[in-house]
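Engineer: This structure is in structure tokens; I'll ask about it shortly.
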Amino acid sequence: MDAVRQVTLSERLAEIDSEISAAALKSGRQVAEITTIVVTKFQPASLIRELSALGVRNFGESRHQEARQKVDELNDPTLVWHFVGQVQGKKARHIAEYSRVIHSIDREPLLTLLASDEKLTQCFLQLNLTDDPARGGVNPDALLPLAEVALRTPGIELLGVMAVAPLGQDPSRSFARVRMASELLQTVAPDAVSISAGMSGDFREAIREGATHLRIGSAITGNRPVAG
Ligand SMILES: *Cc1c(COP(=O)(O)O)cnc(C)c1O
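Add 1043 to the 1-based position in the sequence shown for my numbering, that's all there is to it.
Right, here's the structure in full:
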């Protein structure tokens, strides 16, 4: 037997699953209220197929072109696609064709573009927790006006708030801000109770602060191939 054995995909998946359960238990939360989305950006469709065979149903992508290709290649209606990257206006409607959930709504024009009398798109409003306006997300001060627009846009189901914890800051404090923003949002949108927060390096802290949708990439998939 090899002394050093490669950790397999199924082992990483099981390990993260059990860490999620442990963190939920420690916070007095139910695992059933937490959805794990495996973020597969830059990863080949074959990896998604392997994860699917292991029971994963929720996948996250961040670039439209790449996502569209994988959705078409896999052609599996049992998979649920989440779009987690910045949304360009001209791609918004295309993204909504295959995404059940868009996590990164951060400005009013996107809502107008997604308005529909036929199709329902579930959305998170993304918060920008940095001082850099080039980062995706709405300033927390502008969350409620954006939520009001989302609530009156046909075809939009508002799920809650989404955020990425800024690098170099204590993730617990960042996620505490997200939790407060979520509570504020619920004053105008009582059904928008979900929180999309937590990545490979900080999902434990996010669970402690109430995250319901984790977006985990490299801790499950292994390192991403370098972007081409
Ligand atoms: C890439 C990405 C993730 C996953 O990041 P990991 O650190 O690999 O877990 C989560 N959310 C967003 C918005 C991302 O772009």
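All C-beta atoms in this analysis are idealised placements derived from N, C-alpha and C, irrespective of residue type, glycine included.
Between A1262 and ligand 1, is the CB less than 7 Å from at least one heavy atom?
Structural biologist: Indeed, a heavy atom of ligand 1 lies less than 7 Å from the Cβ.
Engineer: Can you tell me whether K1084 sits near ligand 1, meaning its C-beta is under 7 Å from at least one heavy atom of the ligand?
Structural biologist: True, at least one ligand heavy atom lies under 7 Å from that Cβ.
Engineer: Comparing the CB of R1258 with every heavy atom of ligand 1, is any distance shorter than 7 Å?
Structural biologist: The answer is yes for R1258.
Engineer: Should V1050 be labelled buried (16 or more other beta-carbon atoms within 10 Å of its own) or exposed?
Structural biologist: Exposed: under 16 other Cβ atoms inside 10 Å.
Engineer: Pairs of beta-carbons, one from the segment 1147–1156 and one from the segment 1106–1115, closer than 8 Å: are there three or more?
Structural biologist: Not touching, per the Cβ criterion.
Engineer: In three-state terms, what does DSSP make of S1147?
Structural biologist: Of the three classes helix, strand and coil, the one that applies to S1147 here is strand, per DSSP.
Engineer: Take the Cβ of L1163 as the centre, count every other Cβ of all protein chains shown within 10 Å, and call the residue buried at 16 or more, exposed below.
Structural biologist: Exposed, because fewer than 16 other Cβ atoms sit within 10 Å of the Cβ of L1163.
Engineer: Would you kindly check if the distance between the Cβ of E1200 and the Cβ of V1231 is under 8 Å?
Structural biologist: Going by C-beta atoms, V1231 is not nearer than 8 Å to E1200.
Engineer: Which stretch, first to last residue, makes up the alpha helix (DSSP H) that contains M1297?
Structural biologist: In the structure displayed, the chain extends from 1044 to 1271; residue 1297 sits before or after that span and is not available.
Engineer: Taking I1238 as part of the beta strand (DSSP E), name the residues at either end of that continuous run.
Structural biologist: From DSSP, the beta strand (DSSP E) with I1238 extends over S1237 to S1239.
Engineer: According to DSSP, I1199 sits in a beta bridge with which residue or residues?
Structural biologist: DSSP, once it has assigned bridges, lists T1164 as partnering I1199.
Engineer: For the putative contact between L1156 and A1135, defined by C-beta atoms under 8 Å, what is the C-beta separation to the nearest angstrom?
Structural biologist: Going by Cβ atoms, the distance from L1156 to A1135 rounds to 4 Å, so yes, they are a contact pair.
Engineer: Name the residue from T1196, G1241, R1258 and K1084 whose alpha carbon lies nearest to the alpha carbon of A1158.
Structural biologist: Checked all of T1196, G1241, R1258 and K1084; the closest Cα to A1158 is T1196.
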